[in-house]
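Numbering-wise, the sequence shown is residues 1 to 493 according to the UniProt record's numbering.
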Amino acid sequence: MAEQEKSPLHVRVPVIVLVMLFGTGSWVAINGLWVQLPLLVSRNVPEGYNLAAYLTVIIQLANIGPLIFSLANCLSPKGLHVEIPANFIIVSIGCVSTLLLVFFWDYYTVWAIDGALHSTALLCLAFFLSVVDCTSSVAFTPFMSVLKNSYLTWYFIGEGLSSLLPSIVALIQGVGTKECIANNTYINETMIDGVAVNQTCTNWLQRDTPERFPPQNFFGFLFAMMTACLVSFTMLNYLPLAKREHVKKCRPETGEPKFEDAPVKGADSTTMLVLSVTSSGDDAASQRDIDVQPDGDQTTEGKVVRSQPPLSRRQFAYLFIILAFVTAMSNGALPSIQTYSCAPYGLNTYLIASTMANIANPLAAFLVMLLPSRSLPLVGVTMSAGALAAVFCFLTAGLSPAPPLQHEVAGDAIIILAWILVSGFFVYTKATIAWILRCQPDNRKLLIWYGGVTQIGSMIGAFVLFPIVTFTQLFVPYYENACDGRPICETIV
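Here it is, written out as structure tokens:
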């Protein structure tokens with residue numbers, strides 16, 4: 001029996017699959033909404049190009065979810081793990097919300113506040129999904145402490161799939177194409193300089209080729225993913241096969257079982273990924289399953305790894321200022337203007353840029369996990385590289401509806417590359433900062449500061465850009481017309 005329990009075929013592989021499915025439910029709904037934006041814009045939702053700005057603000061408002069969870073955790077009796085009922089609640093809300101999106105994503109109403117038509121159902125359900133995903137960052141990871149340490153990395157692989165899978169499905173779905181066809185042709189006789197000239201004239205008509213499957217089918221896919229997350233979470237709690245992988249620790253004083261605490265409950269998903277690093281620097285072979293300890297040391301299954309010498313206050317200020325800037329840009333400002341930056345190059349280009357940038361997020365974080373660095377100059381270099389790419393993204397958004405290299409292959413390639421770079425460099429910067437702080441004495445407090453600065457930066461970026469994008473004419477939308485430039489009449493020679 002003991003040999004059977006140690007077999008990956010009988011125990012570890014099924015639990016790994018369940019853990020990965022559980023991890024995919026963490027951000028799959030919001031990531032899915034982001035990559036669906038190009039299609040929703042092409043479907044002429046009332047918010048149009050401003051839909052991204054609305055979603056950015058909604059996500060920031062949804063941080064009430066983590067606050068409620070943290071408050072409940074503080075007020076709950078010692079030893080009560082509120083993350084388990086909390087996870088059942090938020091994942092169930094995610095299932096219901098994605099199911100409702102299937103039927104009501106295009107339900108519009110007029111808002112009394114501005115007298116304009118809005119995507120009421122879509123925005124309301126997006127808020128609930130944002131609450132689910134934001135709360136998952138602080139509720140899912142504590143639950144993983146119930147399982148053996150080796151499963152934490154598989155959870156973060158699943159969390160990475162929450163970006164990858166919706167992006168792949170969105171690329172398969174496409175946004176359709178617009179083509180210009182001749183509706184009818186006729187001969188027109190006109191006088192030019194007193195000479196009768198015959199002209200061939202054409203009435204052009206734009207025809208839209210639909211996407212491979214509609215938004216409601218995509219939202220059905222999100223519902224299936226959330227349902228798989230709920231089922232896997234239930235099985236991780238109650239399936240005997242999974243319960244054998246639970247780890248319990250006994251309090252020396254009472255002998256009562258005690259689950260390990262999660263590394264840091266206030267950090268974002270990028271931080272959590274970095275905290276799951278299974279190797280560090282020169283000790284890659286031996287330092288596995290590192291847990292953050294309140295005293296600043298790190299334990300590796302009975303061993304103690306001393307943290308790095310403390311940074312100075314100036315160095316901490318340097319890191320946190322960069323973190324605030326990067327999160328303000330990547331989580332608040334840039335998502336608000338992505339439509340204006342990409343859509344003038346074509347909705348298909350917008351789709352590719354959006355999905356590839358989404359895929360770049362987990363890849364950049366995994367790069368830090370595989371090759372962690374504590375270099376402060378590197379943080380500045382990657383932040384600067386991301387800022388340069390961000391400047392180009394803002395430039396193209398500001399020049400909409402006629403950005404440089406529009407309708408050229410080079411323009412499409414450059415704008416896609418710019419969004420991949422800005423996403424990759426900024427995520428790499430955030431993850432590296434998290435790793436540096438994690439290696440410091442008193443790292444738990446520093447990572448809580450990391451989470452706080454991340455939220456403050458994100459809120460500043462979102463709330464500053466929202467009124468600029470929504471209520472000014474600084475950013476002008478571009479609506480593609482495939483028949484632009486087609487000659488109406490040509491002289492017959």
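For every residue, glycine included, the Cβ atom is placed at its ideal position computed from N, Cα and C.
Span separating the alpha-carbon of residue i from that of residue j
i, j, result
"Gly411", "Asn348", "13 Å"
"Ala242", "Ala86", "20 Å"
"Thr454", "Asn183", "54 Å"
"Ser400", "Gly48", "14 Å"
"Tyr108", "Phe320", "41 Å"
"Ala139", "Phe69", "8 Å"
"Asn73", "Ser137", "14 Å"
"Ile414", "Ile59", "29 Å"
"Ala364", "Thr327", "15 Å"
"Tyr318", "Lys430", "13 Å"
"Leu21", "Ile436", "30 Å"
"Lys148", "Met235", "16 Å"
"Val132", "Ala29", "9 Å"
"Asp106", "Ser423", "30 Å"
"Ala343", "Gly398", "12 Å"
"Ile90", "Trp154", "21 Å"
"Val19", "Phe156", "9 Å"
"Phe466", "Ala52", "9 Å"
"Leu376", "Gln440", "13 Å"
"Ile468", "Phe394", "13 Å"
"Gln216", "Trp27", "19 Å"
"Asp208", "Tyr478", "17 Å"
"His246", "Arg313", "41 Å"
"Leu117", "Cys124", "14 Å"
"Pro66", "Glu211", "36 Å"
"Ser373", "Thr432", "7 Å"
"Arg12", "Arg244", "10 Å"
"Pro487", "Val197", "17 Å"
"residue 563", "Met329", "Examination of residue 563 is not possible in this model, given that the chain is present from 1 through 493 alone."
"Ala121", "Arg438", "41 Å"
"Leu323", "Pro240", "43 Å"
"Leu80", "Cys134", "22 Å"
"Thr227", "Val17", "15 Å"
"Ala62", "Phe128", "8 Å"
"Phe425", "Leu378", "11 Å"
"Leu405", "Ala389", "16 Å"
"Phe325", "Gly457", "7 Å"
"Asp193", "Ile187", "19 Å"
"Val305", "Asn443", "Residue placement at Val305 is poorly supported in this model, since its pLDDT is 43, which falls under 50; the coordinates still yield a value, given next. The alpha-carbon atoms of Val305 and Asn443 are separated by roughly 13 Å."
"Thr396", "Asn44", "22 Å"
"Phe233", "Leu101", "23 Å"
Beta-bridge pairing of residue i - partner residues as DSSP gives them
i, result
"Thr185", "Thr202"
"Cys180", "Gln206"
"Glu490", "Thr200"
CB-CB length for residue i against residue j, believed under 8 Å
i, j, result
"Asn50", "Thr470", "5 Å"
"Pro341", "Trp34", "Contrary to the premise, residue 341 reads as Ser rather than Pro in this sequence. Their Cβ separation, rounded to whole angstroms, is 14 Å, which puts Ser341 and Trp34 out of contact at 8 Å."
"Cys489", "Gln206", "That belief does not hold up - the Cβ atoms of Cys489 and Gln206 are roughly 19 Å apart, past 8 Å."
"Thr24", "Gly158", "5 Å"
"Gln36", "Ala126", "Actually they are not in contact, since the Cβ atoms of Gln36 and Ala126 sit about 11 Å apart, beyond 8 Å."
"Ile352", "Ile416", "5 Å"
"Pro14", "Tyr350", "That belief does not hold up - the Cβ atoms of Pro14 and Tyr350 are roughly 40 Å apart, past 8 Å."
"Gly461", "Asn331", "6 Å"
"Val368", "Tyr450", "Actually they do not touch by this definition, with Cβ atoms about 14 Å apart."
Contact with chain B by residue i, beta-carbon distance below 8 Å
i, result
"Leu446", "Protein chain content of the structure displayed is limited to a single chain, and chain B is not contained in it."
*What are the complete alpha helix (DSSP H) segments, minimum 4 residues, inside the segment 74-161?*
83-104 and 120-144
*What alpha helix (DSSP H) runs, 4 residues minimum, are completely inside the segment 377-429?*
none
_Counting beta carbon pairs with one atom in the segment 153-167 and one in the segment 354-364, are three or more of them shorter than 8 Å?_
yes
*Along the chain, which unbroken stretches of the alpha helix (DSSP H) at least 4 residues long are found entirely within the segment 320-351?*
Entirely contained in the segment 320-351, the alpha helix (DSSP H) runs reaching 4 residues are, in chain order, 334-342.
*Whole alpha helix (DSSP H) runs in the segment 442-471 with 4 or more residues, listed along the chain?*
Listed in chain order, the complete alpha helix (DSSP H) runs (minimum 4 residues) inside the segment 442-471 are 443-471.
*asked:* Within 8 Å, do at least three Cβ pairs link the segment 195-208 to the segment 139-156?
replied: No: fewer than three Cβ pairs fall under 8 Å.
*Touching by the beta-carbon criterion (3+ pairs, under 8 Å), the segment 372-392 and the segment 170-188*: no
*How about the segment 217-226 and the segment 91-111: do they share at least three Cβ pairs that are nearer than 8 Å?*
Cβ pair count under 8 Å is three or more, so yes.
*Uninterrupted beta strand (DSSP E) stretches inside the segment 38-72 (no shorter than 3 residues)*: Listed in chain order, there is nothing to give.
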